[in-house]
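These protein sequence lines are chains A and B, in that order. Counting the first sequence from 1 gives a position; my numbering is that position plus 168. Under my numbering, the residue at position 36 of the second sequence is numbered 23, and the numbers go up by one with no gaps. Where a beta carbon is used, it is the ideal one built from N, C-alpha and C, also for glycine. Since the structure is predicted, the reported quantities are computational estimates derived from the model, not experimental observations. Quick notes on the structure that follows.
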Amino acid sequence: MEGILNTLTNFISADFRTAVPLLLCALGLVFSERAGIVNIAAEGLMLIAAVSAAIGSAYLGPWGGALLAGVSGLAGALIFAFFTITLRANQIVVGTAFNIFAAGLSVTLNRRFLSGMTVTGYSLRPIPGLSQLPILGDLLFNWQLLVYLTFLAVPLLQFMLYRSNLGLKIRATGEQPRACDSVGIKVNRVRTGVVLFSGILAGLAGSYVSLGQASTFIEGMVAGKGFMALAVCVFGNYTPIGALGAALLFGAADALKYRLLTTALGSYYQFLNMLPYAITVVSLMFLSRHSNKPAASGKPYIKE
Amino acid sequence: MKQNAKQFRFSSGLKQLLLPLFSLVLALALGYLTMLLMGYDATKAYQSLWQGIFGSTNAIAESLVQTTPLIFTAVSYALAFKAGLINLGGEGQLYMGAVWGSVLGSRLSGLPTWLHWGVIFAAAFAGGAIWGAISGLLKVRFKASELITTIMLNYIALEWVSFCVTNLPFKDQTAGAAPRMPAVADNVKLSLLLPRTRLHSGFLLALLALLLYYLFMWRTTKGYELRVSGQNPNAALYAGMPVKTNAVLAFGLAGGMAGLGGIINILGLQYFLTEGFASGLGFSGVAVALLGNSQPLGILLAAFLFGALNAGGIRMQTAAAVPSAMISMIQGIIIFFAVSPYLFTWLWTRLRPDQSSRSQTLQAPPSSAAISLAIAPDQRKSEPEEKR
Chain A
169 MEGILNTLTN FISADFRTAV PLLLCALGLV FSERAGIVNI AAEGLMLIAA VSAAIGSAYL
229 GPWGGALLAG VSGLAGALIF AFFTITLRAN QIVVGTAFNI FAAGLSVTLN RRFLSGMTVT
289 GYSLRPIPGL SQLPILGDLL FNWQLLVYLT FLAVPLLQFM LYRSNLGLKI RATGEQPRAC
349 DSVGIKVNRV RTGVVLFSGI LAGLAGSYVS LGQASTFIEG MVAGKGFMAL AVCVFGNYTP
409 IGALGAALLF GAADALKYRL LTTALGSYYQ FLNMLPYAIT VVSLMFLSRH SNKPAASGKP
469 YIKE
Chain B
-12 MKQNAKQFRF SSGLKQLLLP LFSLVLALAL GYLTMLLMGY DATKAYQSLW QGIFGSTNAI
48 AESLVQTTPL IFTAVSYALA FKAGLINLGG EGQLYMGAVW GSVLGSRLSG LPTWLHWGVI
108 FAAAFAGGAI WGAISGLLKV RFKASELITT IMLNYIALEW VSFCVTNLPF KDQTAGAAPR
168 MPAVADNVKL SLLLPRTRLH SGFLLALLAL LLYYLFMWRT TKGYELRVSG QNPNAALYAG
228 MPVKTNAVLA FGLAGGMAGL GGIINILGLQ YFLTEGFASG LGFSGVAVAL LGNSQPLGIL
288 LAAFLFGALN AGGIRMQTAA AVPSAMISMI QGIIIFFAVS PYLFTWLWTR LRPDQSSRSQ
348 TLQAPPSSAA ISLAIAPDQR KSEPEEKR
């Protein structure tokens, strides 16, 4: 009994650890997708933020890391917004270019500022009282601050998207930009706003990769997590709650991978590594038919 | 009238060159600034970059060596793009082609060289094509976004390569060899074009691939069908074209092209497959195709630019101690500006002091350029001819 319970809690905490950055980034993407912006630059944003977080942490401590990650996410999103919204360039194209840009920048920053530095990771913040609970305490109430915030953000953002005026504006911008314009909603301003918001979230998500899952930056460590966040957003049917479910599912695939690594299958670890990516592909097969995908997705809005 | 049309064409051709050139200059300037800010010797970096590109026969040869695979991955993206599809899976397709090509390149023996080559290229093409067609099938059958599936298949292919170089029956069993697949047979290795350099005849094959891309896309019925699907899917459907089959076909051909790029780098350069031997080529190919506007000549010029920057970047790293990754950053910036034709109009309206004209220009519909990426670059070209 004890053994099974232990296995289960280990599995779930591994699941959470993987799910958090995917979820955090996907929450931002849900908002930008709903406003009609396809942001495949998320991968690059996370990558730049991961290295910025490590640099911030090495020179100023973990809080500095979080701050720098958020700022770098914001700055990256500003670049993306300038080209896609102000200059109306194709979003996928700019996103791809941004990822190439980010791959170069992150390596350069790493070599310049991080060689020989020690990076401090985010520290665990057990919630007084609750963390003392048997089993559940350690599982749910002994995490880094960012993890609590991520899970708290889900209902909050769900409420905002569906029950607030701003949420309505955002959704309308993605569905019927021209109609929005005619009732005085500044379409491009709303879109810029959500892109910047999703940039900050992608930045924090990136910081969790370098400061939460590890306490160091390794080149290429984001390894498709930004793209997976995009898949989480699609598989979660473009809602925050859906993204939570999808992220936990992807996290479970990853946790399963780590469990199987210690078994006889471990010598074929490459196939286990394929699991999260394969599950992403398979999940898209089932959910793409009835989707909340906005009508104006990916199309720049041109005021007449 | 005829004269007029010619003039228009000339100026639009010039415009097509002007924006990439402007982007290059701007990107180099921003790169220079970044290096200064980071405390690198930027002047020395660019000097060594130049040396690494044009400094010697060897440097020029090396630039062309880097150009070769980019042409293939760029054609891969461009072919799908012309058919209205987005193929971000060039890297995975390239690796799959390289794996199957090198299996047949190393295992078969005793065949006449020309037949052996044929088998290798067919296997590499098929390897890439199948990997590409999966995304096509998922798209037409399940409406799964190819944006995500192609990228996920890249990661799966990378893991497969990692398996092949470390496990039987694929790995090289030479004692003490680093993880890799066995070397291809000596007779199928591609010959050198220039002695004492690494420039191999694969470069000529890349030019041939460009020519085939042109002939297929612009001179065959299937190519025409694909381009119609890309420009106006509804028209293609209405005209009774097999849109879904065509999408899978386009993805297959695109994947095959990337696969050929993979095996040619092995036959001409590496001789055996190692993990990560082509890292980054897929996305660079996307960038090259975008910069070259998916046109054969444009791709050639853009591939040379990116190949040269890659080659020069290696020199920059050794001579000026600036990480060669800086080159990726500059390449990203080039694309930012090169795909934003509206930039000029935007800058113009900002720079003009006259406010009234500013608001007027802003309200004008964006020049055809702004939507050209979404719709059809050739449409613009055909306009003056119709007027004539």
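Could you tell me the distance, in whole angstroms, from the CA atom of residue i to the CA atom of residue j?
i, j, result
"Y290(A)", "K393(A)", "19 Å"
"S89(B)", "N74(B)", "24 Å"
"P99(B)", "G189(B)", "19 Å"
"I138(B)", "G76(B)", "5 Å"
"G352(A)", "A340(A)", "12 Å"
"W311(A)", "Y426(A)", "20 Å"
"L198(B)", "A290(B)", "15 Å"
"L282(A)", "P444(A)", "30 Å"
"G233(A)", "M285(A)", "14 Å"
"V363(A)", "P283(B)", "35 Å"
"Y27(B)", "V262(A)", "28 Å"
"L314(A)", "S465(A)", "30 Å"
"A85(B)", "V171(B)", "11 Å"
"Q257(B)", "P169(B)", "11 Å"
"F327(A)", "A415(A)", "19 Å"
"Q304(B)", "S350(A)", "54 Å"
"A446(A)", "L145(B)", "13 Å"
"N45(B)", "I301(B)", "13 Å"
"A193(B)", "A223(B)", "31 Å"
"V198(A)", "I135(B)", "15 Å"
"G285(B)", "Q218(B)", "19 Å"
"T30(B)", "I216(A)", "26 Å"
"F157(B)", "L260(B)", "10 Å"
"G388(A)", "P296(A)", "37 Å"
Which residues in the same chain have their Cβ closer than 6 Å to the Cβ of residue i, if we skip the five residues on either side of it in sequence?
i, result
"T384(A)", "V287"
"G248(B)", "P56, F59, T60 and L81"
"L325(A)", "L195 and P408"
"V106(B)", "L91"
"E343(A)", "P462 and A463"
"A131(B)", "L125"
"F251(A)", "A257 and V262"
"Y33(B)", "none"
"I320(B)", "A14 and L17"
Tell me the DSSP secondary structure of residue i in three-state form.
i, result
"L282(A)", "coil"
"R346(A)", "helix"
"P294(A)", "strand"
"K368(B)", "Model confidence at K368(B) stands at a pLDDT of 38, short of 50, so the residue's coordinates are unreliable; what they give is reported in the following sentence. In this structure, K368(B) counts as helix in the three-state DSSP scheme."
"L98(B)", "coil"
"L134(B)", "helix"
"L179(B)", "strand"
"R359(A)", "helix"
"V127(B)", "helix"
"D173(B)", "helix"
"R214(B)", "helix"
"I180(A)", "helix"
"I358(B)", "Below a pLDDT of 50, predicted positions are generally treated as unreliable, and I358(B), at 37, falls in that range; no measurement from the model is reported."
"D28(B)", "coil"
Going along the chain, which residues of its own chain have a beta-carbon closer than 7 Å to the beta-carbon of residue i, five neighbours each way excluded?
i, result
"L307(A)", "T177, I180 and S181"
"L186(B)", "A48, L51, V52, L179 and L180"
"A382(B)", "There is no way to answer for residue 382(B), as the model of chain B reaches only from -12 to 375."
"L124(B)", "V235"
"L72(B)", "E133, A234, A237 and F238"
"R337(B)", "none"
"V358(A)", "A203, K337, I338 and T341"
Is residue i near the ligand NAD - that is, is its Cβ less than 6 Å away from at least one heavy atom of it?
i, result
"M244(B)", "The ligand NAD is absent from the structure shown, which contains no ligand whatsoever."
Grab the span of the alpha helix (DSSP H) containing residue i for me, first residue to last.
i, result
"Q381(A)", "No alpha helix (DSSP H) holds Q381(A); DSSP gives it neither H nor E."
"E49(B)", "T44 to K69"
"Q438(A)", "Y437 to L455"
"M316(B)", "A312 to A325"
"A307(B)", "P283 to A307"
"G246(B)", "V230 to N252"
"R337(B)", "Y329 to L338"
Considering only residues of the same chain and omitting the five flanking positions on each side of residue i, which have a CB-CB separation below 8 Å?
i, result
"F324(B)", "L6, F9, S10, L13, A14 and L330"
Could you check where the beta strand (DSSP E) with residue i kicks off and where it finishes?
i, result
"N310(A)", "N310 to Q312"
Check the DSSP bridge columns for residue i and list the partner residues they point to.
i, result
"H187(B)", "L179(B)"
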